[in-house]
């Protein structure tokens with residue numbers, strides 16, 4: 001059952017080939033067998049079984065939608081009522097959320113079964129899932145390597161088929177980079193497309209939730225449920241949600257694909273480059289036109305991001321102060337000591353680095369030189385994309401400069417870690433939608449292809465990606481150890 | 001832009017963030033490295049560029065001034081480290 005996609009499982013449930021209870025139990029068993037991966041922080045077994053039984057009743061009476069009874073897993077950044085919501089941090093290790101994130105509420109409404117909460121980098125800050133308080137997640141293709149991050153638990157769980165699909169969040173590549181490292185499909189929607197309510201904030205002008213799945217069709221199915229305006233999120237965008245599956249089968253002959261020259265320069269591993277080139281050849285065969293484009297300001301994405309994201313994170317994370325919820329230090333002497341020690345003991349090193357950088361960049365005398373300067377360069381980067389989309393329909397390129405690196409390989413060098421997001425970050429700065437789809441292997445490690453679309457052009461991105469999956473089978477491969 | 005250990009201590013205090021004395025040097029080195037990376041921004045002239053705060057250049061949406069939330073303070077305060085008489089407790093601030 002676990003090799004089936006969400007679309008296939010939905011058909012199977014309706015054809016009574018298996019029940020949601022059987023399916024849920026099957027995934028719960030697989031999760032137990034794959035504990036070595038450390039993909040889950042919490043497994044919500046009782047709740048999953050209860051939801052599955054309810055789904056079976058609904059399905060028996062001919063009710064329910066495509067996600068009814070489908071076992072999914074949620075990144076532990078989404079607040080889930082009465083279930084621990086840790087965000088990968090000691091700070092929230094004792095936090096039982098009193099409410100549901102809108103994304104969770106929508107999956108509940110759709111009748112999806114929640115198997116549990118997925119491991120992640122602490123507060124989504126990391127590119128390898130090694131900053132988690134709950135320890136690193138392992139990549140099912142090679143358990144000596146990282147799954148990527150910050151949605152490392154999500155990517156690892158879907159790649160090992162421990163859930164039919166998962167949610168992730170992407171602030172600088174946190175859906176696409178782990179999707180690429182683990183050989184799955186991961187979509188970061190346009191900023192504002194999916195509600196951020198109840199999604200623990202890291203960098204509010206960049207954060208966006210999206211689906212992580214085996215196939216593009218499944219990503220379309222999950223996005224359909226996740227997307228939409230939400231009065232509870234003041235930055236969610238009030239635009240109608242199209243039928244994301246309606247355009248999957250459109251012919252892409254004549255599609256204009258831009259390939260960013262600067263992405264194929266120094267820094268890209270030659271095997272990854274060759275894999276992406278081969279994928280572009282598939283698009284040529286499908287009748288697409290490939291055009292080289294230049295985006296000179298993209299090289300500044302990482303510098304800009306490491307001002308804006310820390311600045312926003314330093315403000316957002318000031319709520320973790322040991323007063324109303326979360327970790328509190330023992331025997332505080334006074335209020336300052338309570339703040340300083342609760343935060344000092346409750347937060348990990350990478351989170352601290354970013355809070356410090358952000359605090360510095362926002363402090364008196366440095367604000368213009370760092371924060372305003374970064375916002376100005378951010379506009380230049382976004383204008384590079386605007387110019388490009390005047391000429392092409394989608395942009396394609398690598399997701400990551402290399403395949404999954406070894407556990408511990410980059411933990412001592414924050415900047416080397418940051419550079420692993422060099423092809424994904426610009427998309428967040430501009431707020432555009434982008435997907436990573438499996439495009440082959442370098443050795444035994446998966447390589448992703450990135451497809452970037454214009455604002456709210458998720459349908460076009462999904463269409464281009466789906467057409468590729470119709471002529472390739474990289475997305476159907478799964479690691480032998482977890483077959 | 002190289003920071004000193006003193007700078008890092010000052011920033012950490014501004015953020016009310018406890019850093020172990022033995023880790024200060026490592027933070028100083030890492031933060032200086034990050035600021036060095038960030039300094040690449042000065043390579044581009046931005047004199048006539050408007051800062052971009054949000055991808056959609058949105059303004060804050062307003063809603064009617066109506067009560068929409070129910071009072072659930074007891075439920076929320078179950079999460080609190082210390083509560084007394086419906087109030088969050090912290091160490092004494094005023095003697």
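Chains as they are written, first to last, in this note's numbering: chain A, 1 to 483; chain B, 1 to 95.
Note that the Cβ used here is the ideal one computed from N, Cα and C, for glycine as well.
Nothing here was measured: the structure is a model prediction, and the numbers come from that model.
Min CB distance residue i to chain A below 8 Å
i: residue 14 (chain B); result: yes
i: residue 67 (chain B); result: no
i: residue 85 (chain B); result: no
i: residue 79 (chain B); result: yes
i: residue 34 (chain B); result: yes
i: residue 70 (chain B); result: no
i: residue 94 (chain B); result: no
Reduced DSSP secondary structure (H/G/I, E/B, other) of residue i
i: residue 52 (chain B); result: coil
i: residue 448 (chain A); result: strand
i: residue 28 (chain B); result: helix
i: residue 396 (chain A); result: strand
i: residue 189 (chain A); result: coil
i: residue 210 (chain A); result: strand
i: residue 170 (chain A); result: strand
i: residue 69 (chain B); result: coil
i: residue 154 (chain A); result: helix
i: residue 441 (chain A); result: strand
i: residue 7 (chain A); result: helix
i: residue 89 (chain B); result: coil
i: residue 256 (chain A); result: strand
i: residue 236 (chain A); result: coil
i: residue 41 (chain B); result: helix
i: residue 199 (chain A); result: strand
i: residue 227 (chain A); result: strand
i: residue 34 (chain B); result: helix
i: residue 247 (chain A); result: coil
i: residue 204 (chain A); result: coil
i: residue 84 (chain A); result: strand
i: residue 409 (chain A); result: coil
Closest Cα partner of residue i within the set the options
i: residue 227 (chain A); options: A:206, A:191, A:395, A:99; result: A:191
i: residue 40 (chain A); options: A:116, A:220, A:95; result: A:116
i: residue 17 (chain A); options: A:356, A:59, A:42, A:292; result: A:59
i: residue 69 (chain B); options: A:232, A:80, A:175, A:176; result: A:232
i: residue 482 (chain A); options: A:46, A:138, A:15, A:374; result: A:138
i: residue 187 (chain A); options: A:471, A:466, A:365, A:357; result: A:466
i: residue 38 (chain B); options: A:388, A:198, A:306; result: A:306
i: residue 420 (chain A); options: A:72, A:405, A:431; result: A:405
i: residue 112 (chain A); options: A:175, A:48, A:75; result: A:48
i: residue 269 (chain A); options: A:422, A:35, A:387; result: A:422
i: residue 54 (chain A); options: A:21, A:105, A:81, A:42; result: A:21
i: residue 56 (chain A); options: A:459, A:45, A:71; result: A:71
i: residue 8 (chain A); options: A:26, A:215, A:76, A:436; result: A:215
i: residue 204 (chain A); options: A:182, A:418, A:121, A:317; result: A:317
is_contact[residue i, chain B] using C-beta, thresh 8 Å
i: residue 237 (chain A); result: yes
i: residue 300 (chain A); result: yes
i: residue 297 (chain A); result: yes
i: residue 95 (chain A); result: yes
i: residue 123 (chain A); result: no
i: residue 19 (chain A); result: no
i: residue 360 (chain A); result: yes
i: residue 304 (chain A); result: yes
i: residue 409 (chain A); result: no
i: residue 367 (chain A); result: no
i: residue 390 (chain A); result: no
i: residue 357 (chain A); result: yes
i: residue 501 (chain A); result: Since the displayed chain A opens at 1 and closes at 483, residue 501 (chain A) lies outside it and no answer follows.
i: residue 430 (chain A); result: yes
i: residue 333 (chain A); result: yes
i: residue 32 (chain A); result: no
i: residue 322 (chain A); result: yes
Any non-hydrogen atom of the ligand SAM within 7 Å of residue i CB
i: residue 452 (chain A); result: Of ligands this structure carries none, so the ligand SAM is not represented either.
Partners in chain C for residue i, counting only beta-carbon separations shorter than 7 Å
i: residue 191 (chain A); result: This model lacks chain C altogether; the protein chains it does include are A and B.
Going along the chain, which unbroken runs of the beta strand (DSSP E) with 3 or more residues stay wholly within the segment 102 to 148 of chain A? Counting only runs of 3 or more, we get 113 to 118.
Near-chain A residues of the segment 18 to 32 of chain B - C-beta to any C-beta below 9 Å: 18, 19, 20, 23, 26, 27, 30, 31
Residues of the segment 43 to 65 of chain B with a CB closer than 8 Å to any CB of chain A: list them in chain order, please. Those residues of the segment 43 to 65 of chain B that come within reach of chain A (Cβ to Cβ, closer than 8 Å) are 43, 44, 46, 49, 50, 51, 52, 53, 54, 55, 56, 58, 60, 61, 63.
Every unbroken alpha helix (DSSP H) within the segment 28 to 79 of chain A, with a cutoff of 4 residues, ordered by chain: Correct list: 45 to 60.
Enumerated in chain order, which unbroken segments of the beta strand (DSSP E) with a length of 3 residues or greater are wholly contained in the segment 284 to 329 of chain A? 289 to 293
Uninterrupted alpha helix (DSSP H) stretches inside the segment 328 to 397 of chain A (no shorter than 4 residues): 335 to 346, 349 to 362, 373 to 391
Beta carbons nearer than 8 Å to chain B: which residues of the segment 371 to 385 of chain A have them? 372, 373, 374, 375, 376, 377, 378, 379, 380, 382
For the segment 174 to 200 of chain A, enumerate the residues whose C-beta is nearer than 9 Å to any C-beta of chain B, in chain order. Listed in sequence order: 190, 191, 192.
Within 9 Å of chain B by C-beta, residues of the segment 339 to 350 of chain A in sequence order: 339, 340, 341, 342, 343, 344, 345, 347, 349
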